[in-house]
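Residue numbers for the sequence shown, in full-length UniProt numbering: 1 to 560.
Beta carbons: idealized from backbone N, C-alpha and C, even for Gly.
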Amino acid sequence: MGFEQMIKEKSQVHYGPEMTHGWVLDINGRFANKKLYRCEAGPEWLALQLGHNGDWLWLSWDSRCCGMALIDRHELEILKDLKNKTHPIFGVVKSHIVGGSLVRAFQLNRDRVLVLEFSRPLGAGVDVSRFIVFEATGRQANLIILDDKEKVIETAKHVHPEINRYRSILPGLPYVSPPPFSGPDVENFSKEDMANLKRYRGIGTTLAGILSKEWENKFLDFEPYLQRLYSLPLRELICQDIDGYLTVFPIILDKALKCDETPLLFSRKILFQLFSREREAMLQQIYKILDSDRRRLMHKIRGLSNLISMVEKAEKWNHYGTLLVSYAHEVRKGSSLVKLRSWEERFGTVEIELDPKLSPIENAKRYFNLAKKYHRDQEKLQREMETLQASIRELDEYRDFVSILTDISDIKKILDDFTFNGIGTEDSKRKKKYTPPHKRFDLKGGYIVYVGLNAKANRYVTFEVASPEDIWFHAKEVSGSHVILKLSGNEVNDRLVEFAASLAAYYSKAKNTSYHIVDYTLRKHVKALPKSGPGHVTYTNFSSIRVSPNLWFELLKELS
């Protein structure tokens, strides 16, 4: 639910040195002396598994969503699924730090620079120190691995002297931190110096501006809070979001959205910002494909419409030819137009355009040829037109369906499906068995719930995955996913029905309603409609239930 809320927020997430201090306290409280068991990496992120609780410490030096957070296994899997490459620093961390234990985390120079110190056994009772330096400094963000002498082993971004005159960050060189802020520490702050708050070390300029404004408006005395900011225990610091600025502070500030989580969990907003960005990028790719398909269908419709118009004229042209042959002797040579009385009442007197260079018989042949050229089965053409128009409607409905999806893994599956069926090479397709994009929920007791994510997937989960005695769900009278509750011989219960029905409502055009009616029946009562799209069905012997589209979120923990 956090990511779903986050995609509605437009402000860029950012933070200051005080947030880095909060991370340090949180890391030391959670992971001090914990062993680093595993690491994962993407193009601009690193994830560390410290201990066995299943959570991962995620560090991102991507300038568009720089920061760190505590993420779960599901979020890590999404990150891995999204990545197109692994940064080489992954191998360095794996060989130099994995297997070691976290000694401590600390902040450098009251800046947005955090250091993780590890102790790693070399054998024979000898341990060696290794450091991960995370410079969470926005556009200049970097991740550096240091040895026990604080020399650079590897860095995510190499900084050469021709780029940065102050320092070089290259393998083999001693580590030099970013230029330290020269102001006094916040411990030395006095309320008489409120106008100069931005020059103090340890708080971000954004927070300084917020505090100064509150002081001007309410004359609040922030001196004791600022002086104790770096000495308070974590439990006395309140995580708060002020229009996208993430901070920790001893009291709740004006217009702040309070969060009861710890700093590492609170800063998952940074991860959600990454997901939001990736979601939008993938949606744009999907829209581009769907819009291309729509243009192609519209081009066919225009062509077919023109053809139908010509076919409708074919009978008239054939009659013109017959009239010209019958009344050739009455047509003046060189005429460009002639009026002839038809013997069929429905035509009456007709005006026929002529080519003055041709004889009446040659003009008749011209009309006979046109009639022959456009002679078609008009009913068949109308059926083709109806099929194309139905395809346009389905495409528009599917575009609407995709646009309401918030789970980035769902969108990735749909995009991958387009890629697999359109852009991918034949060799790459043969290497893996194709399955249409769908979700799967493995629940306690051996129950499985499947959700189709497009028409092909709806057909797949309904007619290939489901057995006749499994239960099929669909939101009533709106387009949406087919949902299958696979029983595997088990008995069904009300909570399972509510869970699957809620999913059917959630993955439909009724997603944003408070409640919606969902029909469900045994799969054996669901029949595919012949000569229609892959997801079109008819069903009988059904029951209905009124559910909230969001109920499945609550039931998932109970049923998993």
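When DSSP labels each residue in this structure, what does residue i get in the three-state scheme?
i           : result
His299      : helix
Gln240      : strand
Pro121      : strand
Ala371      : helix
Arg366      : helix
residue 606 : Outside the shown range of the chain (1 to 560) lies residue 606, about which nothing can therefore be said.
Thr155      : strand
Trp61       : coil
Phe553      : helix
Val331      : coil
Thr86       : coil
Asp127      : strand
Asn28       : helix
Glu9        : Low confidence applies here, because Glu9 scores a pLDDT of 48, under 50, leaving its location unreliable and the question unanswered by this model.
Ile361      : helix
Tyr37       : strand
Compute the Euclidean distance between the alpha carbons of residue i and residue j, then round it to the nearest angstrom.
i           : j      : result
Glu491      : Leu485 : 11 Å
Ile71       : Leu57  : 6 Å
Ala500      : Phe441 : 10 Å
His474      : His516 : 11 Å
Lys509      : Ala69  : 33 Å
Arg546      : Asp470 : 20 Å
Arg130      : Leu46  : 16 Å
Asp81       : His438 : 15 Å
Arg73       : His52  : 12 Å
Leu556      : Asp494 : 14 Å
Leu337      : Glu351 : 7 Å
Ser543      : Val497 : 11 Å
Ala371      : Arg332 : 24 Å
His158      : Ile145 : 12 Å
His87       : Thr137 : 19 Å
Glu223      : Leu232 : 14 Å
Glu353      : Lys373 : 18 Å
Thr425      : Gln49  : Because Thr425 sits at a pLDDT of 43, beneath the cut-off of 50, its placement in the model cannot be relied upon, and the following sentence gives the value as read from the coordinates. Using only the alpha carbons, I get a separation of about 36 Å.
Asn365      : Asn306 : Here residue 365 is Lys; the residue named in the question, Asn, does not match the sequence. When rounded, the distance between both Cα atoms is 23 Å.
Val98       : Pro549 : 43 Å
Asp26       : Phe90  : 24 Å
Lys444      : Glu77  : 21 Å
Gly16       : Ala156 : 22 Å
Tyr398      : Ile289 : 12 Å
Glu554      : Lys511 : 16 Å
Gly446      : Pro263 : 37 Å
residue 580 : Ser190 : The structure shown does not extend to residue 580, since the chain is modelled only from 1 to 560, so the question has no answer here.
Thr206      : Leu143 : 24 Å
Just to confirm my understanding: we take residue i, look at its own chain, exclude 5 residues before and 5 after, and list those with CB closer than 6 Å. What are they?
i      : result
Arg277 : none
Thr513 : none
Leu487 : Asp470
Phe181 : Arg201
Ala528 : Val537
Thr540 : His525
Glu117 : Val103, Arg104 and Phe131
Here's a check: name, in chain order, each residue in its chain whose Cβ is nearer than 8 Å to the Cβ of residue i, leaving out the five neighbours to either side.
i      : result
Arg430 : Its pLDDT being 46, under 50, Arg430 is placed unreliably by the model, and nothing is read from it.
Gln378 : Ile308, Val311 and Glu312
Pro161 : Ser168
Ile252 : Ile238, Gln240 and Lys258
Ile411 : Arg279, Met282, Leu283, Ile286, Val402 and Leu405
Leu381 : Leu304, Leu307, Ile308 and Val311
Taking 7 Å as the cut-off, is the C-beta of residue i nearer than that to any heavy atom in the ligand SAM?
i      : result
Lys380 : This structure does not include the ligand SAM; it has no bound ligands of any sort.
Taking only beta-carbon positions, decide if residue i is within less than 8 Å of chain E.
i      : result
Gly321 : Going by chain labels, chain E is absent from the structure shown, which holds only one protein chain.
Ordered along the chain, which non-local residues of its own chain (more than five positions away) have a Cβ less than 7 Å from that of residue i?
i           : result
Phe83       : The amino acid at residue 83 is misidentified as Phe; the sequence shows Lys. So the list reads Gly42 and Pro43, once near-sequence residues are dropped.
residue 582 : Coverage of the chain is limited to positions 1 through 560, which leaves residue 582 absent and any answer about it impossible.
Glu75       : Leu271
Tyr434      : Phe420
Ala141      : Trp61, Ser63, Cys66 and Glu135
Met194      : Ser212 and Trp215
**OP:** May I ask you to verify whether the segment 299–316 touches the segment 326–336, counting CB pairs closer than 8 Å and requiring at least 3?
**Re:** no
**OP:** Scan the segment 510–540 and note each continuous beta strand (DSSP E) run of 3 residues or more that stays entirely inside, going in chain order.
**Re:** 516–522, 526–528 and 537–539
Subject >> Ordered list of beta strand (DSSP E) runs contained in the segment 240–313, each at least 3 residues >> reply: Counting only runs of 3 or more, we get 245–249 and 257–259.
Subject >> Continuous beta strand (DSSP E) assignments of at least 3 residues falling wholly in the segment 176–224 >> reply: For the segment 176–224, not a single whole beta strand (DSSP E) run of length 3 or above is found.
Original post:
Residue ranges of each alpha helix (DSSP H) run of no fewer than 4 residues wholly in the segment 419–500, ordered along the chain?
Top reply: 426–430 and 455–460
**OP:** Flag this pair as touching only if the segment 472–489 and the segment 499–515 have three or more C-beta atom pairs under 8 Å; answer yes or no.
**Re:** yes
Subject >> Contact between the segment 220–238 and the segment 35–53 (3+ Cβ pairs under 8 Å) >> reply: The answer is no - the segment 35–53 does not touch the segment 220–238, with fewer than three Cβ pairs under 8 Å.
Original post:
With a cut-off of 8 Å, do at least 3 Cβ pairs link the segment 240–252 to the segment 206–220?
Top reply: yes
Original post:
Should the segment 347–362 be called in touch with the segment 291–298, which here means at least 3 C-beta pairs below 8 Å?
Top reply: These segments do not touch.
Original post:
How do the segment 332–346 and the segment 277–291 stand: do at least 3 beta-carbon pairs fall below 8 Å, yes or no?
Top reply: Output reads no: the segment 277–291 does not touch the segment 332–346.
Original post:
Is the segment 16–28 touching the segment 243–257 in the sense that three or more CB pairs, one from each, lie closer than 8 Å?
Top reply: yes
**OP:** Note down, one range per segment and in chain order, each alpha helix (DSSP H) of at least 4 residues found wholly within the segment 375–415.
**Re:** 378–403
Original post:
Does the segment 382–394 come close enough to the segment 257–274 to have 3 or more Cβ pairs within less than 8 Å?
Top reply: no
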